[in-house]
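Counting in the working numbering, the sequence shown runs from 1 upward without gaps. Note that CB positions come from ideal geometry on N, CA and C, so glycine has one too. Working notes, beginning with the structure itself.
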Amino acid sequence: VHWNATLIMSMNLPVVSPYISAGLDETYLVAQSVEDNTLEGKSVRTTMPRYAAGLRAKFGLGYISGEAAYTHGEMVIGAGAGVRF
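Below is the structure:
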């Protein structure tokens with residue numbers, strides 16, 4: 001199970017919308033099928049902060065976006081595209 005809670009601050013400009021965010025990620029894992037039977041049923045839970053900055057560019061009814069995030073000690077890069085309506 002994974003969940004997060006995030007506070008986002010953004011500026012809605014005519015063509016682009018930059019944003020920054022900060023929040024918490026929590027992950028809960030239960031081992032169900034493993035080669036080592038001593039691990040079966042064991043669980044682990046971790047809660048870590050997440051920080052991100054991104055930009056969304058709008059084109060007519062569509063948009064593209066990019067984001068850089070730092071969570072669980074790793075830098076994560078993401079991109080997307082979609083339709084606005």
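- Pairing Arg45 with Tyr63 gives a Cβ-Cβ distance that is not under 7 Å.
- Rounded to whole angstroms, the separation of the alpha carbons of Gly82 and Ile8 is 20 Å.
- For Leu39, the secondary structure class from DSSP, reduced to helix, strand or coil, is helix.
- Around the beta carbon of Gly54, 16 or more other beta carbons lie within 10 angstroms, which makes this residue buried.
- With 16 or more neighbouring CB atoms inside 10 Å of its own CB, Ala69 falls in the buried class.
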